[in-house]
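Chain order of the listed sequences is A and B.
The opening residue of the first sequence carries number 1 in the numbering used here; numbering runs sequentially from there.
The opening residue of the second sequence carries number 1001 in the numbering used here; numbering runs sequentially from there.
Down below is the structure, laid out as structure tokens.
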Amino acid sequence: MKSFATPQGMSRRHFMNHLAGASAMAIPALTMGHTLHTHAQELKRKRKSAIMLWMSGGPSTMDIWDLKPGTNTGGEFRPISTSGNEQISEHMPMMAKQMHNAAIIRSMSTREADHGRGRYYMHTGYVPNPNVEHPSYGAVIAHETIDQRPELEIPPFVTVGGGSEGPGFLGMAWAPFAVNSNGQIRNLQMGMDERRLMQRMAALDLVEKGFVSQNRGQAAEDHQNILKKTLALMTSEQMKAFRVSEEPQEVQERYGMDNFGKGCLMARRLVEAGVPFVEVDLGGWDMHNDIFNTLSNQRLPVLDRAMSALFEDLEQRGLIEDTAVMWMGEFSRTPRINGNTGRDHWARSWSVVVGGAGMNGGIAVGKTNEDGTRVDTEPYTSQDVMASVCKSLGISLETTFTSKSGRPMKIANSGKIIKELFA
Amino acid sequence: MSVRFSSHLFAVVAILLAITPAAVQSAPRGANDYGIPQVAKINEQIAAAWDAYELKPSQEATESEWCRRVHLDIIGRIPSVTELQEFTKSRSATKKADLVGKLLFDDKYTEEYARNWTTIWTTVLIGRAGGTERNSLTNREGMQKYLRDCFARNKPYNDMVDELVTATGSNRPGAENFNGAVNFLTMKVNEEKGTQATADVAKIFLGLQVQCTQCHNHPFNEWKQQKFWEFNAFFRQTRALRQFVPGTRDVQGAELVDQDFGGEGGTPETAEIYYELRNGLLKAAYPVFIDDTEIGKSGYVSEVNRRDKLGELIQQSEYLDMCVANRYWAHFFGYGFTKPIDDMGPHNPASHPELLAYLGQQVREHSYNLKELIRWITLSEAYSLSSRVTKANEKDDPLLGETPKFTHFYLRQMQAEELYESLLVATRAAETGGSYEQQERSKSEWLSQFVMAFGTDDGGESTTFNGTIPQALMMFNGELIRNATDDKNGSFLWELANSNMKPAQAIDYLFQAGLARRPTKDEIAIANQLFIARASSGRDKKRVDPGAATLAALQDVWWAVLNSNEFIINH
């Protein structure tokens, strides 16, 4: 019996024809995501997206965005001027030319200095709570903007090179789709003709439904939904958005040939394809030892190249107006330099960077004191950043979710808008 | 069908034809306790909470559901068709107790029992990625070797904890002075003054979350910053010394040692350490246990071995007992008495405090024999209940943020390791899979695709084997499932197709092997359609070889079974 791989780019129409043609068997109708709407063009114009650059491990923001040269906490780096009004680290020269697109929030002050807790808090706006699982940025933004993109067949929340955080009470449909930055999605090839696959799916669907109908709880239904999404994705032409290798060589080089560079390039491709939220992970910031050497020789060159390329590219393609970009980690690092020339965990005074989607660029919001140990202006939190990003995307801050227990929860945990970003 | 004969399958056919569907049983109050007082106590305490919340338990799970569940939870895989049949056809009144006893104590299962609990505890102690980092000081094989020995010999839990907390020696199997237990701490003592060791020992063995008090007192936790650093002081004599591949700077292994600690004030006689308050002031701390027991302050190992003392103090703590009772309960029910299970204390009250304390105390009284604890839990009424939710207990849904009342069995997805082992058994690949080490290596390789390490000092990681699309893609198209549904000569399906089973029997067999139940009428009908569809090839409708057609149809059925929610969800 002949068996052949189905081309990745097989069209939905082609696929649906086969589905209809598989009439030797009664095939229960499978809902296959959205169909094309007539207002697609109009919606496309309103389409908002966000890209989060997640710095796993807790980057030392006073060595990158808020330098304190000449103090005993200041470390080894010098500040340089930028295309905006603020100065940043000398090891971010390419980003310096893009700072007109970005705002540094220098008065972040949070309380979670443990990786797991900080990660959760910065992704959700809530501290961990044993009784509720809160939805993370990607789930919230995908959930609130999905109506703008009825043509989207691929997952609305993609995380590249990292795990992000989960969908919480919004449910598995909003879970992050985790991929590697090489753009190759594992196990995407069906290895059989689609007719046979659909016949198998019909048998599978029967078993699935049988189990769900026995009233055994959410997990059974979630599984069924994920199967449908997986099938839609396997047959979608939009999957080519993941293939960064199709970009011209010079574009790939501009972003950097490392994982983070590829991830940022993929983020731009995904946003263009209509994905509302992409997170790109750059780890290795947990620098308890030898921080200045590691920053200047390893992390910052990678960050500088890819982050600046992303802003530049979004601007050149006219996407920056509708795309919010965030840069953050779970916390930052101690102003005090420890005995191993490292910095330890620190959440009391640090920086986050945001830009795009109409937020003011070229500015620094808030101030830390002379040696960076304290915030001197109004302190901002994870909730405030989230509220501001939501506003930039046109998501109402009156939006209220209902957790599974029926408890109403305001979007962004009632954070306040950081007004300098919109003045 | 081919006349080729398979004696093994023939025997199964005989059993298949003899059985009848398991009867659905009702769950009368006054549930069976098998004459075991601990089971009676669990039943009584759990039922008391049902009454208090006006909930009624679901009916009992079918025998085969229970059989599947108990295999998955104790030995980490689903039962084979033979094991399933043996259990369902037994008429013994004590068949459940007998099966639990067999899985725990029969030599036949020792290796699988040890493998399963080694997997579980390896993840607890060093995570799924531990030891896979470049130049890691953790030797994953060393850790597993130690644990396998513990579980194969059923080492008392308190001894295991003591060894893990106080171990010294080399971390690499084959090295001089090898002690696999050191791998729990080798990556956790050198950096950041051993704060990771502090947090992990408190969390894993005592169920106390202290890591957030490293920098400040926590508003919702009675544990104070002072206590964190006092606990931390126990680890300050300990170092992991790197061992290099001769002539290179590549780390080959590590040796965990206790050395004299001079203290941060330069006075080894009192060897104090300092920590920074939120207002910037420094404060001194000395080794003091969580119950305020002080030990000698000297930093000289010959005078006070701080980790040995810590080991002794942990032995005396009732948190040790409750923590393991809570952890094992959560393993079998999906939820513990606290959420998360390793965050106990007045700030996070347990759902069944009396039962938790009782089980902890019983564990201690039974010399920390974990197999006894497993027996009590798996023979309890709550563990025997169906996962079907009823009107009378639908409020009991921990997903809604309710504390669990255990009125029905909560669905939970198999772990990746359980899927792997289950497929080996279901397709009988385990019988020909090479040596133990080879099998373990192939498994780790396969598992690594799901692990996503955050690269942080606390070993944070997540898995993509979590019910999302990457998992579904793997189940649809991945190598593991391709192998399980392989049609080459001698494969599981090939043998089935070439046995003397009729198609209906083969379908029946596949449902039993995957789902521990027989197919429904509709399922049989759709499977038959697959047989018809495979008998004519896709495009030109020409007849295909009947043997090949049967095999192809069985592939389709088996693929559908393995991809179903019912297969992947422990229910």
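Built from N, CA and C at the ideal position, the CB exists for glycine as well.
*asked:* Does the CB of B:Asp1396 have a neighbour CB from chain A at under 7 Å?
replied: As a first step, residue 1396 of chain B must be located in the second sequence, where it is residue number 396. B:Asp1396 does not count as touching chain A.
*Identify the contact partners of B:Ser1462 in chain A, using a Cβ-Cβ distance below 8 Å as the criterion.*
Residue 1462 of chain B sits at position 462 when you count from the first residue of the second sequence. Correct list: Gly163.
*Thinking B:Leu1256 and B:Ala1240 are a contact (beta carbons under 8 Å), I'd like their distance in whole angstroms, please.*
Working through the second sequence from its first residue, we reach residue 1256 of chain B at position 256. Working through the second sequence from its first residue, we reach residue 1240 of chain B at position 240. Sure, about 5 Å apart at Cβ, within 8 Å.
_By DSSP's criteria, A:Pro408 is part of a beta bridge. Which residues make up the other side?_
Counting from one through the first sequence, the residue named residue 408 of chain A turns up at place 408. Answer is A:Thr402.
*Using Cβ-Cβ distances below 7 Å, what residues of the stretch 1448-1474 of chain B are close to chain A?*
Gln1449, Met1452, Phe1454, Gly1455, Thr1456, Asp1457, Asp1458, Gly1460, Ser1462, Thr1464, Gly1467, Thr1468, Ile1469, Pro1470, Ala1472, Leu1473 and Met1474
*According to DSSP, what are the bridge partners of B:Tyr1274?*
Translated into positions along the second sequence, residue 1274 of chain B becomes position 274. Per DSSP, B:Ala1284.
*Return the chain-ordered ranges of every alpha helix (DSSP H) run that is complete within the stretch 195-267 of chain A and spans a minimum of 4 residues.*
218-234 and 249-255
_Between the CA atoms of B:Ser1491 and B:Lys1095 - distance to the nearest angstrom_ = As a working mapping, residue 1095 of chain B is identified with position 95 in the second sequence. As a working mapping, residue 1491 of chain B is identified with position 491 in the second sequence. Answer to the nearest angstrom: the Cα atoms are 33 Å apart.
*Using DSSP with H/G/I as helix, E/B as strand and the rest coil, what is A:Gly345?*
One-based indexing of the first sequence puts residue 345 of chain A at position 345. Per the sequence shown, the amino acid found at residue 345 of chain A is His instead of Gly. It is a strand residue.
*The beta strand (DSSP E) with B:Phe1261 in it runs from where to where?*
Position 261 of the second sequence, counting from 1, holds the residue named residue 1261 of chain B. Counting along the chain, B:Phe1261 falls outside any beta strand (DSSP E), and DSSP gives it neither H nor E.
_Chain-ordered residues of the stretch 162-181 of chain A with a beta carbon less than 7 Å from chain B_ = Gly162, Gly163, Met172, Ala175, Phe177 and Ala178
*Determine contact between the stretch 1402-1419 of chain B and the stretch 1326-1338 of chain B, defined as no fewer than three beta-carbon pairs at a distance below 8 Å.*
yes
*With 7 Å set as the bound, which would you pick, yes or no: does the beta-carbon of A:Leu53 sit closer than that to a beta-carbon of chain B?*
Taking the first residue of the first sequence as 1, we reach residue 53 of chain A at position 53. False, the Cβ-Cβ gap to chain B never drops below 7 Å.
*Starting from A:Gln199, find everything on chain B with Cβ-Cβ shorter than 8 Å and list it in chain order.*
Here residue 199 of chain A is taken as the residue at index 199 of the first sequence, counted from 1. Simply Gln1529, Leu1530, Ala1533 and Asp1556.
*With a floor of 4 residues, list each alpha helix (DSSP H) that falls wholly inside the stretch 1306-1348 of chain B, ordered by position along the chain.*
1306-1316 and 1318-1333
*asked:* Let me confirm a value: B:Leu1282 is counted as buried when at least 16 other C-beta atoms fall within 10 Å, else exposed. Which label applies?
replied: The count along the second sequence starts at 1 and reaches residue 1282 of chain B at position 282. By the neighbour-count rule (16 or more Cβ atoms within 10 Å), B:Leu1282 is not buried but exposed.
*Can the beta-carbon of A:Ser181 be found closer than 7 Å to that of A:Lys262?*
Numbered from 1 along the first sequence, position 181 holds the residue referred to as residue 181 of chain A. Numbered from 1 along the first sequence, position 262 holds the residue referred to as residue 262 of chain A. Cβ atoms of A:Ser181 and A:Lys262: closer than 7 Å.
*Should B:Ala1436 be labelled buried (16 or more other beta-carbon atoms within 10 Å of its own) or exposed?*
Along the second sequence, read from residue 1 onward, the residue named residue 1436 of chain B stands at position 436. A small correction: the amino acid at residue 1436 of chain B is Tyr; Ala does not occupy that position in the sequence shown. By the 10 Å Cβ count, B:Tyr1436 comes out exposed.
*Which one or two residues does DSSP pair with A:Ser89 in a beta bridge?*
Mapped onto the first sequence, residue 89 of chain A falls at position 89. A:Ser89 pairs with A:Pro79.
_By alpha-carbon positions, which one of B:Gln1209, B:Arg1091, B:Val1100 and B:Gln1085 ends up nearest to B:His1347?_
The residue you call residue 1347 of chain B lines up with position 347 of the second sequence. If we check each option's Cα against that of B:His1347, B:Gln1209 comes out closest.
*How close, in whole Å, do the beta carbons of B:Leu1551 and B:Ala1497 come, if the pair is a contact with beta carbons under 8 Å?*
Reading the second sequence from its first residue, position 551 is the one you call residue 1551 of chain B. Reading the second sequence from its first residue, position 497 is the one you call residue 1497 of chain B. Contact holds; Cβ gap of about 4 Å.
*Below 7 Å between beta carbons: does that hold for A:Ala306 and A:Ile104?*
Position 306 of the first sequence, counted from the first residue, corresponds to residue 306 of chain A. Position 104 of the first sequence, counted from the first residue, corresponds to residue 104 of chain A. The answer is no: Cβ separation not under 7 Å.
*Going along chain A in order, which residues have a C-beta closer than 7 Å to the C-beta of B:Glu1191?*
Stepping through the second sequence from its first residue, residue 1191 of chain B is reached at position 191. The contacting residues are His288.
*For chain A, is any of its Cβ atoms less than 7 Å away from the one on B:Val1210?*
Position 210 of the second sequence, counted from the start, is the residue given in the question as residue 1210 of chain B. So, not an interface residue.
*Give the range of the alpha helix (DSSP H) segment to which B:Phe1087 is assigned.*
On the second sequence, residue 1087 of chain B is found 87 positions in, with the first residue counted as 1. Here the alpha helix (DSSP H) through B:Phe1087 covers Val1081 to Lys1089.
*Closest Cα partner of B:Arg1518 within the set B:Leu1530, B:Gln1505 and B:Tyr1274*: What you label residue 1518 of chain B is simply residue 518 of the second sequence in a count that begins at 1. Residue B:Gln1505 is the option with its Cα nearest to B:Arg1518.
*Report the residues of the stretch 1243-1273 of chain B with a CB closer than 8 Å to any CB of chain A, ordered along the chain.*
none
*Three-state secondary structure (DSSP) of A:Asp281*: Numbered from its first residue, the first sequence carries residue 281 of chain A at position 281. Looking at A:Asp281 - three-state DSSP - the assignment turns out to be strand.
*Going along the chain, which residues of its own chain have a beta-carbon closer than 6 Å to the beta-carbon of A:Trp350, five neighbours each way excluded?*
Stepping through the first sequence from its first residue, residue 350 of chain A is reached at position 350. So the list reads Thr61, Met108 and Ser332, once near-sequence residues are dropped.
*Leaving aside the five residues before and after B:Gly1142 along the sequence, list all residues of the same chain whose C-beta is less than 6 Å from its C-beta, in chain order.*
Taking the second sequence and counting its residues from 1, the one referred to as residue 1142 of chain B is at position 142. Cβ neighbours of B:Gly1142 beyond the five flanking positions: Asn1171, Arg1172, Pro1173, Gly1180 and Asn1183.
*Buried or exposed: A:Val251, going by 16 or more other Cβ atoms within 10 Å of its Cβ?*
Sequence index remark: in the first sequence, residue 251 of chain A carries index 251 (1-based). Exposed.
_In the DSSP assignment, the beta strand (DSSP E) including B:Thr1195 goes from what residue to what residue?_
Within the second sequence, the letter at position 195 stands for residue 1195 of chain B. Note, B:Thr1195: premise wrong, no beta strand (DSSP E); alpha helix (DSSP H) at Thr1195 to Leu1206.
*Is the stretch 386-400 of chain A touching the stretch 86-100 of chain A in the sense that three or more CB pairs, one from each, lie closer than 8 Å?*
no
*Environment of A:Ala423 [buried if 16+ CB atoms lie within 10 Å]*: Counting from 1 along the first sequence, the entry for residue 423 of chain A is found at position 423. It counts as exposed.
*Closest to A:Lys416 by CA distance: which of A:His223, A:Ser392, A:Gly406 and A:Pro408 is it?*
Residue numbering aside, residue 416 of chain A sits at position 416 when the first sequence is read from its first letter. Ranking A:His223, A:Ser392, A:Gly406 and A:Pro408 by Cα distance to A:Lys416 puts A:Ser392 first.
*asked:* Please state the DSSP three-state secondary structure of B:Gln1211.
replied: To locate residue 1211 of chain B, count along the second sequence from 1; it is residue 211. The answer is helix: DSSP assigns B:Gln1211 an H, G or I state.
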